[in-house]
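This report concerns only the one structure given below.
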DNA sequence: TTTCAACTCCCCCAAAATGGCGAGGGGACG
DNA sequence: CGTCCCCTCGCCATTTTGGGGGAGTTGAAA
């Protein structure tokens, strides 16, 4: 088995397109005799990408209803470091329960194991393996393959980032020190006036920084700029 | 060696105070023959805590100058999943270089290895091992002990969270669905009017949500509320 | 040497956000 | 049955913002 993983990762290294990436994800089904695999990521610009084995209808429905905002898997993994078994997540809540029902109807299995992955500039990805079986069988499976899955998650993300770099995208404009200062203070709740005082500059000067930061980040307003800077890991409030 | 780690972790489980935690950190120096160990965390309320073996003068100076905002170790790990060797970080930049000089003067070694750890509600911690030696020796050391260090980092964080829970702290007020909706839309750059339209509610109603969310989060204004909600992992923009 | 990015400052005015006032209906829980 | 939270709505005065001008210094890079 171990050699098959190595072979898989070696073939993964050869992939150069999203299509090739998708078919490798599908290959995992056969390799592990598991129903579903999902890799999905959000890049620094906030654009999602996914390669998965769920039905396309379910994917459309998921995106349409913006389930990513209530999905306990996404929410639970977003702030976590370690892989999580879906049983550890919080599935209470009315909206969540109906989401779960719809997912089950769409063919999503009752067992899941998700690995969060983080890259530069706030890039975040999830590698999920999903199956329909008993708790017992699932525990056996996950225990046997955590190491493999961690490895695969790591290389999948590396490759996805690499492929994406090939696509046209606006380079991530770095913010100047003053711009970072200003966004940080504003993010900590200060008004323009107070922030300007803290930095011992005029309020107008501070405004110039906010505007240039907004422009670089592609933000619609100050709050948006702070949110984007945080999401991209440029500031910490 | 392995049994010593197990014994260490078992003793760690017995600890109930921050003092005990600190002395266990100091014990690691002897256990690994390494100069410095650092555990520091930021809880969901944004309060820092640290247990470390650096000189207290350096710690004071670090906090005083707010070096956490430029420290490449903190910045580099904040958005990462995997442990990082300090050599992989970006040490360019004028402020960073002078920070590095001051750190070296204060007894911080040239080699470092840091493990980011994430807990619920946006809790973030770093476990760092620091030493003075050649690249060669350091590579040997880290290769030999990554597994141990990951394990220790995990249990240290678990224990630190447990101890902190014992201290008095305001419970993390959950936000209502509408409050989350509003903060998310505002964080995505919408104005109040547009956000209200999206949710098909009056702008005034939307304001009520912003205000109650601000109150629950202890935020000074809307931007602050969005920043806090993001930092605590309640919303994703 | 020129050019360019970063940093600093000033005025004016319209638009947006905020703070404080008040009000009612629905659902959950003791 | 009362209490408390969530959801919904309106008005008015004040403060904060955003967008439009224009201008000077410094320091690094081309």
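Residue numbers (the numbering used here), protein chains in the order written: chain A, 25 to 261; chain B, 25 to 261.
Yeah, the Cβ is synthetic: ideal placement off N, Cα and C, and Gly gets one too.
The model shown is predicted, which means the values in this text are computed figures rather than measured ones.
With a threshold of 16 other CB atoms inside 10 Å of the CB of residue 224/B, please say whether the residue is buried or exposed. exposed
Report the rounded CA-to-CA distance for residue 208/B versus residue 242/B, giving the unit in angstroms. 17 Å
Check whether chain A comes within 8 Å of residue 102/B, counting only Cβ atoms and requiring the distance to be less than that. yes
Give me whichever residues DSSP pairs with residue 138/B in a beta bridge. 108/B, 152/B
For a quick check, are the C-beta atoms of residue 149/B and residue 184/B less than 8 Å apart? yes
Segments of 4+ residues assigned as alpha helix (DSSP H) that fall wholly inside the region 219-259 of chain B: 227-241, 246-255
Pairs of beta-carbons, one from the region 130-139 of chain B and one from the region 61-80 of chain B, closer than 8 Å: are there three or more? yes
So what's residue 120/A in DSSP terms, helix, strand or just coil? helix
Sequence-distant residues of the same chain with beta carbon closer than 8 Å to residue 53/B, five excluded per side: 59, 60, 61, 77
Let me confirm a value: residue 110/B is counted as buried when at least 16 other C-beta atoms fall within 10 Å, else exposed. Which label applies? buried
Secondary structure at residue 201/A, three-state DSSP: helix, strand or coil? helix
Cβ atoms of residue 250/A and residue 247/B: under 8 Å apart, would you say? yes
Could you tell me which residues DSSP puts in a beta bridge with residue 76/A? 62/A
Quick one: is residue 155/A buried, meaning 16 or more other Cβ sit within 10 Å of its Cβ, or exposed? buried
Check the Cβ-Cβ distances between residue 93/A and every residue of chain B, and say whether any is below 8 Å. yes
Secondary structure of residue 263/A, DSSP reduced to three states: The structure shown does not extend to residue 263/A, since chain A is modelled only from 25 to 261, so the question has no answer here.
Examine chain A for any beta-carbon lying closer than 8 Å to the beta-carbon of residue 245/B, and answer yes or no. yes
Proximity of residue 115/B and residue 135/B at Cβ, strictly below 8 Å: no
Would residue 181/B and residue 65/B qualify as a contact pair, given that the criterion is a beta-carbon distance under 8 Å? yes
Run the CB neighbour count on residue 165/A, radius 10 Å, all protein chains shown included, and call it buried at 16 or more, exposed below. buried
How far does the alpha helix (DSSP H) with residue 99/A in it reach, from first residue to last? 96-102
Secondary structure of residue 162/B, DSSP reduced to three states: helix
Do residue 28/A and residue 55/A count as a contact pair if the criterion is CB distance below 8 Å? yes
With the cut-off set at 8 Å, would you say residue 113/A and residue 139/A are in Cβ contact? no
Give the C-beta separation of residue 102/A and residue 257/B to the nearest angstrom, bearing in mind that I take them to be a contact with Cβ-Cβ under 8 Å. 6 Å
Residue 75/A at chain B interface by Cβ criterion, 8 Å: no
Chain-ordered chain A contacts of residue 166/B [CB-CB under 7 Å]: Those within 7 Å of residue 166/B in chain A number zero; the least Cβ separation is about 18 Å.
Classify residue 71/B as buried or exposed, calling it buried when 16 or more other Cβ atoms lie within 10 Å of its own Cβ. exposed
Using a Cβ-Cβ cutoff of 8 Å, what residues of the region 26-49 of chain A are near chain B? List them in chain order. none
Any chain B beta carbon closer than 8 Å to residue 132/A: no
Using DSSP with H/G/I as helix, E/B as strand and the rest coil, what is residue 130/B? coil
Taking any Cβ of chain B, which residues in the region 206-222 of chain A have a Cβ under 8 Å from it, in chain order? 208, 210, 211, 212, 213, 214, 215
Positions along the region 52-71 of chain A whose CB lies within less than 7 Å of some CB in chain B: none
Note down the Cα distance separating residue 151/B from residue 107/B, rounded to an integer number of angstroms. 9 Å
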